[in-house]
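**Q** Please read through the structure below; I'll follow up with questions.
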Amino acid sequence: MGKMALPLHYTGVLPLASGVLVAAGVAAALGRRDGSRLLRYGLLAAVLGWLLYVSAFVRLDYSLKEVFWETSPGLPAWMRIASSWAGGGGSLYLFTVLASLAGLYLLQRHRRRSFQALLGSIVLAGLAAAFLNDAFTPMQGHPASGAGLNPLLKSPWLYPHPLSTFSGYALLAVAAAAMLTGERRRCLVVYELGWALLTIGIMLGGYWSYETFGWGGYWAWDPVETSELMVWLVATVLPHLLMTLPSLSAFNSAWLLSSVFMAMYVTRTGLSPLHSFAAPSAGALVLLAAGLTPAAYAVYLAARRGGEALSEAAAVLRRRQPYTVGLLVAGLVLAAAAVYVYGTLFLPSILTAIGREVSVPQMESGIRYFHPVLYPMLVVLLAAIPLAFTGDRLGWRGYAALTASTAIVATAFGLAAYRGTYLLAPLSPLATNAMMAFGLPWALVAAASVLAYLAYKLRLGPRRLLADRLTSVSLLHLGLAVTVIGVLLSGTYAFNTKYTWYYQLKPGDSIELPGGARLVFEGYSYGISNSTVDIYTDYVGRSSTYMLAWSTINYIKSDIVRFLNLYNQGKQLVARNKTIDWLLGIARKSPLALNKTLVVKANATLKLFDLERNTTVVLAGGEPVEIILSNASININLNMNPNTGIMSVNLLLVAGNLAIVLPRKAPLEQKIGIHRFIGIEPGKPLSIAVDGVNITVSRAALLSEALLFAGQGRPLDLKGRTISGSDAALYIYGSIAAPGGGGIEVPSQLPQAVSAYIVASADPTMRRVIRLIEHSSIYSILTNTSRLEAVISSPKCLRGVHSCMGYVAAPKLVPETAWLDVKLRLDQGSSHRDVRVRIRFEAYGEVQGIHGLVSKVIPIANGLGDVYVVVSPPVVEGYIGGRAAYHELLIYYLHEAFKQLPPEKRLALAALMAAGYNIDVLRDGVVDNSERQQLEATLMDLYLLAENFNPANSTIAREGLHVEVKVIPGVRLVWLGPLVMALAAVYAAASRVAAYREGGR
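Using numbering that gives the first Met the number 0, the first residue of the sequence shown is number 0, and each one after it goes up by one.
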């Protein structure tokens, strides 16, 4: 008997024990007994389990499924630690551990049973979600390597952004639990640290996007970004309402707890605005349930204490203290914004839970959805800041005057921008300019009011400033105003690609950058890693990329292999049949001009056919007629039927001028146009010779120019005894005699194989591609069906149309990374700085359907903004009709990988890369004919380009490196503002701890 796989990895033993202990502690607390000891043991077990969990990643223990999916031998040891929270299960376990640490801190003093139960529930929800999201699932089989970390996550930013964001989530959740259960001292320290960490996390996430994706944007209303903002808004409401509407503090705490779990649910499901093809996992549903439960309680508290809150608001307004009124206004505006964002994510979250397809506004739709609502709220919030910090000194009249003057200035600037008189962003819409111009005065006044407050306090002495509890609060609001100024100045420049300049930079070339700097391209080199990744285990037969690769090879078998076989057969037929070869020759020379007027006199039958009325009129019945053709030529046409692939041979005798003399006057006079033609049948076949081509005419159809060009030409005239006209044609029924005997009937059909050969021979692109195929190793597979079948048919599956669906005999291990090292020099005045960048292509990224290319961004300081430079590999045009283009790093990677692979493995790898490159064709679940052709063209292009690639003759040397440049003004304020806010919150927490210790003494 074989060994049974354990359902739990050894790294899950301590987390499981933690869950048991925490559950016991919760049960004790709910049973009105002290469960703090059990709870502490459980929290400690979760923390200790984390150390064992991370060690599995550092040691590359592929027996854990998360290790397989998130690591590889080429990943440095310091990055393997961070990879432990790169996956869904690992990030949820990280949240649980951080919540456990915060809980251990609060449990030192806050031991209410209600807090124990709520804290334990938070930890249990995190553990359950982690288990159900495969954090501790063993790996089936024995992979030789890992699948590799997401290419975009292979960055130092994988440390600060997730750690700060999930730390913020964990600390805010635990602080909310403590506040819900009556703790007001230590929980505020945890809250402030959590708020600071989340603020930094959001900023770092924006910067990570800014310096990774290569288009300059740092905010795109992506659902995950929006969920982080949701938590931040709800958390920011808390201190404002705590001081003005304390009856709602419990409501706000429950709402905050709900928002944390809702945000993690959104992160785990993605809430794609395009399609959701599968219901969320059980782990995600745990998060949703953990978010809905406190949400329901928050609604209950709001309904219960709403009347009391109204009384508190009225009392604040009656007292007319500027600071508390400003605090109330800001709190209400923040609450309204939080409700709007929370509601935007709440309903889609519910719908995804029941398997419905949903969309959440993002990118352009996010701008249209969020900005009209949140922008006015932002302006009101900015207007409230001077009231809070300068209202006491200005008084209500002074504040009213300040607000009115700010409104007048903002309106004047806004109208000037909207009319196009004064533009801050010339390539952006006028409405965007108006929003920038209107918002900047409010943000500047808000910042100035905080600075005025700090300057006033500083005049009283540094100690008074440091001891003032509002110092940290004022700095926090200063950071907010600075952030808003940065966003207003930079947002449209960062988001809008219209501000981008594009360059092709060859070695030795340079470009002048805005601000006076010069970027010089000094050299480059390609390289590929020795480390490998597993692109087979846990992919084959399961992943969408393998499914699409399998389909693509089947398309090749049905289309290209079949056509290639026909082409080869046709080539052989033409070589053996001199008549066909001769026909192709004269067809290529066609039209053949007759250098004299052609006069034919013969007995013939002429009939006028009316296709519209279905009538026939006999114009001559075996009687003498005379046909006169001048400026005539013979056209031998080879026409392909696209549905059958069969080519017909047609013969037309085209006349610039034509006249037919009838034996008698016609019974009617009319125009012979689009619905009529004349049939001509001579008493005996006629012979016509031109340029050595002998044509026998058995019968013919006379077609007017109007009929030939669907009504766009002139008709023939039937009048008296004459039919006359210009640019008409005789469609010939007869034969063409070949030299040396034999001939070809016209019209007739050529064999399908000959048709394929003719089509390919007549198309320069097809001739080139076929020549490349014939000289490539792929030719041996395309001309041997059994070898091709072996690539897509597993020995374990039954023979049949779909029995091996998703199976591709790809190499199990392939090189992990290819790179392009670029050496640049930045000249700024008299200073020179070497800039070395590495552009990466992670092969497994393409196989995972997330794309493997990671271009390099170089932000160059330009005052408060950046000159944003993006360096990318050049694009290589495909061979097959220019259907697609490919970055050269992909071609280089395949070129190097092919060196160790036989043709079948090369084909399989190229198919996977083609599928990953075109994975978006599966977006609607159906591959149409155009997409099918694109997939086939991509596979053939990649295979042929890779085999023929020569690094010494790179496109970089011929055409240059692809460089994009844009100026993003004020963007550095976007990073500075949140940093000031976070430091202010940390300072507030430190001051609070110091005060507690002072009080304790």
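Cβ atoms here follow ideal geometry from the backbone N, Cα and C, with glycine treated the same way.
#1: Thinking A601 and G682 are a contact (beta carbons under 8 Å), I'd like their distance in whole angstroms, please.
#2: Give me, in chain order, the residues of the same chain whose beta-carbon lies closer than 7 Å to that of G1049; leave out the 5 immediate sequence neighbours on both sides.
#3: For A884, count neighbouring C-beta atoms within 10 Å of its own C-beta (all shown protein chains included) and say buried if the count is 16 or more, exposed if not.
#4: Say the cut is 7 Å; is the CB of V378 nearer than that to a heavy atom of the ligand FMN?
#5: Mapping the DSSP letters down to three states, classify S144 as helix, strand or coil.
#6: Give me the Cα-Cα distance between P794 and P810, rounded to the nearest whole angstrom.
#7: Return the Cβ separation of S35 and R110 in integer angstroms, given the expectation that the two are a contact with Cβ distance under 8 Å.
#8: Hey, quick one: how far does the beta strand (DSSP E) through Y523 stretch, first residue to last?
#9: Considering only C-alpha positions, which residue in the set V874, I890, V966, M939 is nearest to L863?
#10: Would you call the region 777 to 796 and the region 52 to 61 in contact, with 3 or more CB pairs under 8 Å?
#11: Would you kindly work out how many angstroms separate the C-alpha atoms of T604 and L661, rounded to a whole number?
#12: Under 8 Å, with one C-beta from each stretch per pair, do the region 182 to 202 and the region 90 to 105 reach the 3-pair mark?
#13: Assign T95 to buried or exposed, taking buried as 16 or more other Cβ atoms, counted over all protein chains shown, within 10 Å of its Cβ.
#14: For N638, does the three-state DSSP call read helix, strand or coil?
#15: How long is the line joining the alpha carbons of T389 and V338, rounded to whole angstroms?
#16: Taking the beta carbon of I731 as the centre, do at least 16 other beta carbons fall within 10 Å, making it buried, or is it exposed?
#17: For G419, I'd like the list of residues in its chain whose CB is within less than 7 Å of its CB, leaving aside the five on either flank, ordered along the chain.
#18: Taking 8 Å as the cut-off, does the region 823 to 838 touch the region 925 to 938 (at least 3 CB pairs, one atom from each stretch)?
#19: Measure the CB-CB distance between T531 and V813 and report whether it falls below 8 Å.
#20: Excluding sequence positions up to five away, which residues of its chain have a Cβ less than 7 Å from the Cβ of V800?
#21: Taking F369 as part of the alpha helix (DSSP H), name the residues at either end of that continuous run.
#22: Hey, would you say G193 sits closer than 8 Å to G215, going by beta carbons?
#23: In chain order, what residues of the same chain lie with their CB nearer than 6 Å to the CB of A234, ignoring the 5 residues before and after it?
#24: Between Y986 and V332, what straight-line distance do the alpha-carbon atoms span, to the nearest angstrom?
#25: Are Q581 and A817 closer than 8 Å when you measure CB to CB?
#26: Take S62 and list the residues in its own chain whose beta-carbon comes closer than 7 Å to its own, dropping the five residues that flank it on each side.
#27: Does the count of Cβ pairs from the region 941 to 956 and the region 759 to 776 closer than 8 Å reach three?
#28: I'd like the list of long-range same chain contacts for V758, defined as Cβ closer than 8 Å, with 5 residues on each side in sequence excluded.
#29: May I have the straight-line CA-CA distance separating P161 from A433, to the nearest angstrom?
#30: Relative to the C-alpha of A619, which residue among T596, L781, P641, I659 is closest?
#31: Using a threshold of 8 Å, state whether the C-beta atoms of S701 and L667 are closer than that.
#32: A993: buried (16+ other C-beta within 10 angstroms of its C-beta) or exposed?
#33: Taking the C-alpha atoms as reference points, what is the distance between M78 and G330?
#34: Comparing alpha-carbon positions, which option in Q847, N928, R931, Q932 lies nearest L911?
#35: Quick one: what's got a C-beta closer than 7 Å to L284's C-beta in the same chain, skipping five residues either side?
#36: Shortest alpha-carbon distance to I384 belongs to which of L373, Y421, A335, A445?
**A** Reading from the atomic positions:
#1: 7 Å
#2: No statement about residue 1049 is possible, as the shown extent of the chain runs from 0 to 1000 and does not include it.
#3: exposed
#4: Questions concerning the ligand FMN fall outside what the structure shown contains, since it holds no ligand whatsoever.
#5: Coil at S144, not helix or strand.
#6: Between P794 and P810, the C-alpha separation is close to 16 Å.
#7: Contact flag correct, Cβ pair sits at about 5 Å.
#8: 517 to 527
#9: V966
#10: no
#11: 10 Å
#12: yes
#13: If you draw a 10 Å sphere on the C-beta of T95, you find 16 or more other C-beta atoms in it, and that means buried.
#14: strand
#15: 29 Å
#16: By the neighbour-count definition (other C-beta atoms within 10 Å, threshold 16), I731 is a buried residue.
#17: L429
#18: no
#19: yes
#20: In this predicted model, V800 has a pLDDT of only 44, less than 50, meaning its place in the structure is not dependable; the value taken from the coordinates is given anyway. Counting only Cβ-Cβ distances below 7 Å, and skipping sequence neighbours, we find nothing.
#21: 362 to 417
#22: no
#23: L171, W194, L255
#24: 25 Å
#25: Here residue 581 turns out to be Trp, not Gln, going by the sequence shown. No, the pair does not count as a contact, with Cβ atoms beyond the cut-off.
#26: H8, P137, M138
#27: When C-beta atoms of the region 941 to 956 are compared with those of the region 759 to 776, three or more pairs fall below 8 Å, so the two segments count as touching.
#28: M639, M646, M765
#29: 36 Å
#30: Here the closest residue by C-alpha is I659.
#31: Before going further, note that residue 701 is Leu rather than Ser in the sequence given. No, the pair does not count as a contact, with Cβ atoms beyond the cut-off.
#32: Within a 10 Å sphere around the beta-carbon of A993 sit fewer than 16 other beta-carbons, which makes this residue exposed.
#33: 41 Å
#34: Q847
#35: A352
#36: Nearest C-alpha to I384: A445.
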